[in-house]
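Here's the structure, in C-alpha cells; my notes come after.
Numbering (the working numbering), first residue to last: 232 to 536.
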C-alpha cells in the first residue's frame with residue numbers, strides 16, 4: 232500500500248535548503264514518496280554542486296510509488312513570483328486531497344511576504360481560510376508555542392487576550408492527543424518579568440491566570456510561570472509544552488536547549504505542515520557545513536503518518 236506523498240517546496244532559491252535536503256535523503260530511509268516543487272534548472276544545479284546521486288523522476292499524478300522522488304517543474308521566468316507559484320501549486324495538491332503532508336524550506340519574510348503577513352505560518356493559514364492556528368516548535372522532550380509570533384515587542388501586550396490564549400492552548404492540546412496519543416502537560420508563562428508589573432494593570436493577573444483556571448477541568452495546564460525560570464531543568468522536565476506570550480520568549484530558550492533538533496509545525500490546518508527550524512542562512516551556501524537534523528526530523532515525523 233502506497234503512503235501519501237510528502238510535498239516539498241524548497242523556498243528561497245538562495246538558501247542552504249537543497250544542501251540539507253540532499254544530506255537528509257542520503258542519511259535516512261523513508262517509505263513516503265517525495266514530491267519536490269521547484270525550478271528544474273535550479274534543482275539540477277544544486278544536484279551537481281553536491282553530487283546527489285539518487286534518481287528524481289517527473290511527476291505523474293496517476294503513478295506515485297513509495298520511496299520515489301518526483302519533481303514538479305515551476306518556471307522561474309519571474310523571480311519575484313517564483314516562490315509564490317511553488318506554494319500555489321503545493322496548495323492545489325493539498326486542496327484536492329492528494330496528500331496531507333507538506334514541508335517548506337525557509338523564505339525571506341521581508342522580501343517574499345512583502346509585510347502582508349507576519350510570517351509563513353500566517354500566510355499558509357490565511358491561504359486555507361484558517362483563523363485558528365498555532366506555531367509549535369516541537370521536540371519530543373519539550374516543545375514551545377508562542378501566543379503571538381512575529382510581532383514587534385511594542386505591540387505584544389495589545390494583542391494578548393483571554394480568547395487568543397485559550398484558543399492556542401486548546402489547539403496544542405488537541406494536536407498532542409490526535410497525532411501523538413498523549414494528553415500533554417502544558418505550562419504557560421507570564422507576560423511580565425516575574426509575572427509582576429509596576430503598572431496598575433497586570434496582564435498576568437487579569438488575563439493569563441483567569442484563562443488558565445477556565446481550562447483546568449479539561450486540559451492539564453498550569454501557570455502563569457515566570458519566563459526566566461520555567462526553562463530551568465527541574466522546572467521544564469515537568470511539562471511537554473511551554474506556551475509563551477511572544478516569539479523570542481520561548482523560541483530563544485528552545486533553540487538554546489536543542490539547537491537544530493526541533494521542527495516548526497503549524498497546528499490547526501487541514502494537513503500537517505512542517506518547516507525546519509532555521510532560516511535561509513545565505514552565508515553558508517555552498518560550504519557543505521549546514522546541519523540537516525531539523526529537516527531529518529521533519530521528514531521522519533511525516534513519514535510515520
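Where a beta carbon is used, it is the ideal one built from N, C-alpha and C, also for glycine.
Residue burial classification, residue i (beta-carbon count within 10 angstroms, cutoff 16)
| i | result |
| --- | --- |
| residue 242 | buried |
| residue 498 | buried |
| residue 479 | exposed |
| residue 374 | buried |
| residue 263 | buried |
| residue 462 | buried |
| residue 231 | Here the chain covers residues 232 to 536 and nothing more, so residue 231 does not appear. |
| residue 352 | buried |
| residue 485 | buried |
| residue 328 | exposed |
| residue 489 | buried |
| residue 523 | buried |
| residue 432 | exposed |
| residue 487 | exposed |
| residue 460 | exposed |
Contact under 8 Å by Cβ, residue i with residue j
| i | j | result |
| --- | --- | --- |
| residue 255 | residue 530 | yes |
| residue 334 | residue 505 | yes |
| residue 247 | residue 428 | no |
| residue 436 | residue 422 | no |
| residue 476 | residue 391 | yes |
| residue 240 | residue 259 | no |
| residue 252 | residue 330 | no |
| residue 415 | residue 451 | yes |
| residue 305 | residue 316 | yes |
| residue 332 | residue 456 | no |
| residue 266 | residue 303 | yes |
| residue 438 | residue 454 | no |
| residue 372 | residue 441 | no |
When the options are compared against residue i, the one with the closest alpha-carbon
| i | options | result |
| --- | --- | --- |
| residue 474 | 396, 460, 410 | 396 |
| residue 281 | 518, 522, 489, 527 | 518 |
| residue 426 | 448, 263, 458 | 458 |
| residue 173 | 267, 386, 417 | Missing from the structure shown is residue 173; the chain here goes from 232 to 536 and no further. |
| residue 313 | 338, 325, 503 | 338 |
| residue 514 | 320, 245, 394 | 245 |
| residue 270 | 284, 291, 354, 301 | 301 |
| residue 235 | 294, 347, 462, 377 | 294 |
| residue 402 | 483, 496, 484, 536 | 496 |
| residue 532 | 454, 250, 410, 324 | 410 |
| residue 470 | 376, 353, 360 | 376 |
| residue 539 | 257, 309, 311, 292 | As shown, the chain starts at 232 and ends at 536. That puts residue 539 outside it, with no answer to give. |
| residue 412 | 284, 536, 250 | 536 |
| residue 419 | 389, 388, 445, 472 | 472 |
Inter-residue CB distance, residue i and residue j (contact presumed, cutoff 8 Å)
| i | j | result |
| --- | --- | --- |
| residue 491 | residue 525 | 5 Å |
| residue 356 | residue 364 | 4 Å |
| residue 307 | residue 273 | 6 Å |
| residue 350 | residue 379 | Not really, about 11 Å apart at Cβ, beyond 8 Å. |
| residue 361 | residue 500 | 6 Å |
Pairing CB atoms from the segment 276-294 with CB atoms from the segment 365-381, are three or more of them under 8 Å? no
The segment 400-418 in contact with the segment 379-389 per 3-pair CB rule at 8 Å: No: fewer than three Cβ pairs fall under 8 Å.
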